[in-house]
Amino acid sequence: MKPAPFAYVRPDSVAEACEILAADEDARIIAGGQTLIPMLAMRLARPTKLVDIVRLKELRGIRSEAGAIVVGAVTRQVEVERSELARGALPLLMKALPYVGHPPTRNRGTVGGSIANADPSAEIPLVAVTLGAEIEIENSGGRTSMPADEFFIGAMVTSVMPGDCVAAVRFPVWSQPRLGTGFHEVSARQSDFAFVAAAAQVALDEDGRCIDAVVGLGGVGDRAQRIDVSALVGQDVARFPVSELIRSATEHLEANSDLHVSADYRRRAAAALGARALEDAIAEARAAGGVVQ
Amino acid sequence: MKLDIGGSETIPGSADALWVALNDPKVLTRCIPGCKSMVEIGPDAYKVDMQLRVAAVGGSFEGEISLFDKEAPRACSIKVSGAGSLGHGNGTARFEIEPDGDHSCRLIYKGTGEIGGLVAGVGQRILSSVSKHLIGRFFAALRKEFEAPVSGAAE
Amino acid sequence: MKVTLKVNGRLRTADVEPRKTLLDTLREDFLLTGSHAGCEHGVCGACTVLIDGEPSRACLMFAVQADGYEITTIEGLAPAPGELSVVQDAFCETHGLQCGYCTPGMILSAHALLEHNDAPTREDIVEAISGNICRCTGYGQIVEAVEFAAERLRKTNAPRNVTGGSDDEPSIDPAAEAGAREGGVLEAAATRQGGRQ
Amino acid sequence: MNPAAPLKFVSSNRRVREDRRFVAGQGRYVADIALEGLLHVAVVPSPHPAARIVSINAAEAMKMPGVHYVLTGEELAKATEPLMNGLDTPNVRRYPLAVGQARYAGEWVVAVVAETRAQAEDAAEKVRIEYEQLAYVIDSEDAFDPKSPPVHAGHGSNVLLDKTFVWGEVEKHFAESERHLSFRVVWGRNSTVPIETFGVAAKWDPWREMLDVWASIQMPKYPDQIARALRIPLNNVRVHFDVDVGGSYGVKRGIKQTVLVSHLARVLGRPVRLIEDRLDNMRAGDAHGPDRIFDVEIAFNDDGIVNSMKMRALDNVGAYAGRSPFQLGKPIGAIVGPYKIKSVQYRAISVTSNKAAQEAVRGFGQSPTNYAIETAIDKVAVALGLDRIEVRRRNFIRSDEFPYLIPSGTRYDSGDYHTVVAKVRAHADYEGLIRERDTLRAAGQCAGIGIAACLEPSGGNSSFEPLLNEKNTTTTWMDSCRIVVDGLGFVTATIHTTSSGQGHETLVATVIGEVLEIDPDLIRIVRPDSLNSLPSNTPVGSRMAIMLGGAAFHAAQKLKAKIIKLAAHQFGCAEQEVIYAGGAVSHGASGKKLAWAEHVNIAHRNFHLLPEGMEPGLETTHVMQVPTGTKLPENGRVQMYPCHSFEFHLVLIVFDPVIGKPEIRRYVIGHDCGTVINPHIVKGMTLGGIAHGIGASLLEEFVYDSEGQMLTQSFMDYLLPSSHEVPKVEIVHHCTPSPFTVFGQKGSGESGYLGSPAAISSAINDAVAPFGISLAKLPIRIAAISDAIAAAREAKAKVKA
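Protein chains in written order, with the numbering used here: chain A, 1 to 293; chain B, 294 to 448; chain C, 449 to 645; chain D, 646 to 1446.
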């Protein structure tokens, strides 16, 4: 299992990387390589050239910026796990990260790599979609950004064009004091691809009414998706039939089947885990500050 | 790995125009994702060369496409088979065209495919998603043929 | 391409194709065969090495990507020839292995865990080794080994291995002992017996 | 030795001596062996499950950089004999590369040799093969149908074996029994899948006419098979046994790989190596395990006593068969499990199909059969509303009934099943476990207790071969040990096979140390090459503690006898008058004593002091025959294995009814393998076996789709348990020594694995029982549990409506 031959370049800047990519449509970016290298080894992928961006400082780091946390594309997943900044501001991402691969792959895998790879089961894209993150893309024209929901098109398919480089992910930070998150997933083994993953984040007011709530599901269909839980907003969460809401929101989801689980299974698990994630988020938010009812 | 495909697409063209387009190897070459050439090897039979790519995954395929059970201009069956570095596949589908006004029609399709070899052996988890995406790309390209006709498109 | 890698504290140079993995380079160019190929697609962990102290898959990195990092392989763990690290010795103590194929990667993962946590819970250990598949042991004695190593590391000021030397090689000099008549060579070490105290 | 003397080294918690080199990364596996001028092989797999090979065009491949050779099946077949067949099926021929026709998707069709593996893979892509697809058959029952397309046209059908045994008065017992029940269970195709794939390197020296082979091998008669296939004298083959094997548990047979590589080494005059990559290994390492459908009928009474059983086992061996059909034969030696079932009808059917070939897997077919038997016992208990442990207790052979002759002709050596079960019950607090289960159920969870009791036949007799193939008249499966005391008094002993983590060096040193009363750590154990070896049948069938341990014991006894004779001669007394202790011999009456070094000195240097007729030097050898294995089968009955270890599993599993992901909350195993030689090793085997069984019952399967394509070619879809999936296991020990072995030891290399799939299935079925459903196919996937519960709930809702 050895890759087909390719050339290797390590440009000094994102601009240079974009130039190389634009000039050769068969060139591919490599960052952490934790997904790309197996594909190379099996010869599923056979680029002419690998453009190694993992050491580009301009793509690295975690910073707080205008109501968001911006994570540079080549920031390793383990660096986010260990980041105090992320821990405080992105509790949902922190809950999801332990499910990403296993420790050795998180040591090398990058946040941008996971985004660019767009696996329908991947946790980081799920959190990005759930929170409505923006994906920053750089190319010869400069940097633009795009909502995660538009960025992900299907399994391994994104809006990235030849010559584009995912530069950063801008996760919105919720500032409400009563914030709660929930994350659940089911997979055959803990470190496997999720059959279904569910993420939820909720903000409550002093009285326990929902100010904002989001629920996202991964692994069910071709890409991570948000489900509509807007009915919860303005409601007293203590009295709201959460599982009913999730059940109706997931009833007609398009779901895939594979040799491990059926589409029906995915729909059932989506309803169950979605409800569990939302319930967890609500419980956490109720426990956070304010008056617990 | 078996794949069931099926659905219907609205095409912004007349049923007759769609029929002509679907029988035109030039149109098909443009619409089939990754298709580099289609060479006629017999009546309604073509040899195709494809350079398929979905994200990082890609490979070259050689195969054949044939049309049969034609009921012009309303229905036909298509048979596709091919093999390449990623594996091999074959499938048949039945197309039916229903007029939907003067300048629009519906293309209803249903079929089954089978994918084997490497890509089925290591990628079964996302194979159906990827196939759906490719079919989607085909129809998007087909619609484009009618929205903004380029030279050589069906009239 | 020429690459210069820092492996086990030493700079090593090799001329490799870009497609050559760090694993194959370590094994073929540097003859460090303690890192093993199990799946070559990042699942089994037999190729685990430490990169800047963190367990990583040597099959999921090309040698051309690896310059500038501190790479530690199993060969870099033993303090001296014939002498084992605390973690290595603990694996011997609990028999945390059978065929030995996954063992180097497993030990490096355990080593990295204990570097930053010398009082890991069972869950911490299970998580730390979850990327290393062992087909032989069912992990029970591996978890015990890591617990035992942690315990020893916490008492790191106490002399290690007070019960005697290694168990495999005779520590006595056969030539010196060969002349002994009473008792004879073979009884000399009969009291040295392995086993946890 | 003195049976009353306490054991000094045996059963003590000594370190495993092999471990030191492995923890240092100093194991020496086949991929680590450096050979000057080594060439590498990549193979081209067939994409089709059945296809005629119309043409092969290697012109482009030959032009690729670094390429030395492209070998086809036709060429190889001309130069070699077909690989060994276990059954008498001469038209089911197998060669390392497909000849004329490919019979499963993934089968190796062409081999490419190049300077590097990467170059070989580059060139392999350029080989153009034209196929004509043929009809194929995948499903086992379809393959059994005479109308199915035969995988081997020359054989005429897909049935390799269809043999019905009737042991005892089955029909009478069925007629007399108050109740009957029948069911089907399916054991999905899985295997042991060691982390090291199979690898082999071969070098041919035309001047010495010597083929040197290094391989990660666990294959009985491996050198013989190489020589036969290559048509060269056996003494032209030198297999190096001092290669560490990265796990096997049965499957590392590798004969096709070896013949392929050896042929290439001869043709090219350069050493050649093939290390399967994971894709090669999964799809065509020919190392898949049993793939079996059981139809079982049980006749029993209202009190739960099982009188008789009819079992039909249909096994799908895939496209080719070496010894794999015999995996239906070994279970005959424990066909009634630990129970006093009076009669059995057993129909063993082995079919070919267009799947990859099957190979021996840990337990050699016993674990699937145990799963079927234990499912039957659970069903009897459920049918009668009796406690499942109680039903087992009622049917167990009692400890005072051993040796116990079972209907199929094997005499079980010893056991105390009731006591083991009682100890487990007490340790686990069975009643408390039931309360815990019921509490979980009341809280809306699915919870179930799993129970399995089973035997591990051990000692490596292979009487199933003559039983299933009358042309085979083999009645010995010996193993050997040689002990040499050198001129300075140091002891070296030999093992004549490879080792894949079972601790044979520790075993042999411990046994010899025990007999000679010397420190085992001072005994060196070596694995000479095959030309310097005594007979061995490799560590198959949980045989090494019994056979290699036995051989070492007897060789040491011979050595001790020689020393005693030598010393008595010096003392001028009878041998009976001297006492051997700690390597020294003393004569009580005279107070004379001769130390170890003095025996050594006399034997090595003082011929004039030796008793008449004694050979100089200190060296002894013992070739051991399997205890109890002496006869050919008679009337379908045979003494199969000498020893029978016992294990009893008690498991609590819980899962959410919608998510369906089983969590093993508690796992207790009672284990009795007689005298334990090294507790670390036995513990490791048991824990590892349970983990392996967790894989077989919940996660692992080689899945083929209806078109004959394998969907699980990587570790992303073939799922081996990680540390997260294996719970902490509690082991309850018991020791019932075997009367047939030197220390009372029994085998333990398959322990845990033989019962854990049955126990886990039992727990899950107990958990879903409230829904009125059962899950009858392993592995039991998460979705299968959840889907079945959902369907049951829906059906119930419909009835209500």
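Note that beta-carbon positions come from the ideal geometry of N, C-alpha and C, so glycine has one too.
Item: Within chain E, the residues that Ser301 (chain B) reaches when beta carbons sit closer than 7 Å; Value: Although the question refers to chain E, the structure presented lacks it and instead comprises the protein chains A, B, C and D.
Item: Of the residues A:Asn256, A:Arg226 and A:Ser262, the one placed nearest Gly274 (chain A), counting alpha carbons only; Value: A:Arg226
Item: Residue from C:Val491, C:His543 and C:Tyr549 with nearest C-alpha to Thr1151 (chain D); Value: C:His543
Item: Cross-chain neighbours of Asn256 (chain A) in chain B, by beta carbon under 7 Å; Value: Ser421 and Ser422
Item: Pro466 (chain C) at chain A interface by Cβ criterion, 7 Å; Value: yes
Item: Beta-bridge pairing of Met331 (chain B) - partner residues as DSSP gives them; Value: B:Val341
Item: Pairwise C-alpha distance: Ser691 (chain D) and Met343 (chain B); Value: 22 Å
Item: Proximal residues of chain C, C-beta to C-beta of Phe667 (chain D) below 7 Å; Value: Leu545, Gly548 and Thr551
Item: Outcome for Leu311 (chain B) when other beta-carbon atoms lying within 10 angstroms are tallied against a minimum of 16; Value: buried
Item: In chain order, each beta strand (DSSP E) run of at least 3 residues that lies wholly inside the stretch 1128–1213 of chain D; Value: 1136–1139 and 1168–1171
Item: Simplified DSSP state of Phe810 (chain D), which is helix, strand or coil; Value: strand
Item: Alpha carbon of Leu131 (chain A) to alpha carbon of Cys398 (chain B), nearest angstrom; Value: 39 Å
Item: Chain C contacts from the stretch 92–104 of chain A (Cβ-Cβ distance under 9 Å); Value: Pro98, Gly101, His102, Pro103 and Pro104
Item: CB of Pro91 (chain A) within 7 Å of CB of Thr181 (chain A), strictly; Value: yes
Item: Through-space distance from Met956 (chain D) to Val1006 (chain D), alpha-carbon basis; Value: 21 Å
Item: Pick from A:Ala269, A:Gln235, A:Ala263 and A:Ala255 that is closest to Arg247 (chain A), judged by C-alpha positions; Value: A:Ala269
Item: Separation of Trp174 (chain A) from Asp615 (chain C), as counted between CA atoms; Value: Residue placement at Asp615 (chain C) cannot be trusted, given a pLDDT of 42 that sits under 50; the coordinates are not used to answer.
Item: 7 Å Cβ cutoff, Pro651 (chain D) in contact with chain C; Value: no
Item: Under 7 Å between C-beta atoms of Arg748 (chain D) and Ala964 (chain D); Value: yes
Item: Arg1311 (chain D), enclosing beta strand (DSSP E) - first and last residue; Value: Glu1308 to Asp1317
Item: Sub-7 Å separation of Leu56 (chain A) and Val14 (chain A) beta-carbons; Value: yes
Item: Residue-chain proximity (Glu595 (chain C), chain D), Cβ-Cβ < 7 Å; Value: no
Item: Contact set between Ile1335 (chain D) and chain C, taken where Cβ atoms lie within less than 8 Å; Value: Gly586
Item: Bridge partners - Glu1375 (chain D), DSSP secondary structure assignment; Value: D:Val1313
Item: Cβ of Pro568 (chain C) within 7 Å of any chain A Cβ; Value: no
Item: Proximity to Ala197 (chain A) [Cα-Cα], best of A:Met146, A:Met156, A:Leu93 and A:Arg28; Value: A:Leu93
Item: 7 Å Cβ cutoff met for Leu470 (chain C) and Met509 (chain C); Value: yes
Item: The stretch 1384–1398 of chain D / the stretch 1325–1338 of chain D touching (three or more Cβ pairs under 8 Å); Value: yes
Item: Given Ala724 (chain D) as reference, the closest of D:His933, D:Val744, D:Ala1219 and D:Lys708 once Cα atoms are compared; Value: D:Val744
Item: Where Met146 (chain A) falls: helix, strand or coil (DSSP); Value: strand
Item: C-beta contact flag for Thr761 (chain D) and His713 (chain D) at 7 Å; Value: no
Item: Partners in chain A for Asp922 (chain D), counting only beta-carbon separations shorter than 7 Å; Value: Met1
Item: Validate contact between the stretch 654–666 of chain D and the stretch 863–881 of chain D using beta carbons, cut 8 Å, 3 pairs; Value: no
Item: Within 7 Å of chain B by C-beta, residues of the stretch 187–213 of chain A in sequence order; Value: Phe193
Item: The stretch 1054–1071 of chain D / the stretch 1280–1296 of chain D touching (three or more Cβ pairs under 8 Å); Value: yes
Item: Residue(s) in a DSSP beta bridge with Leu453 (chain C); Value: C:Arg460
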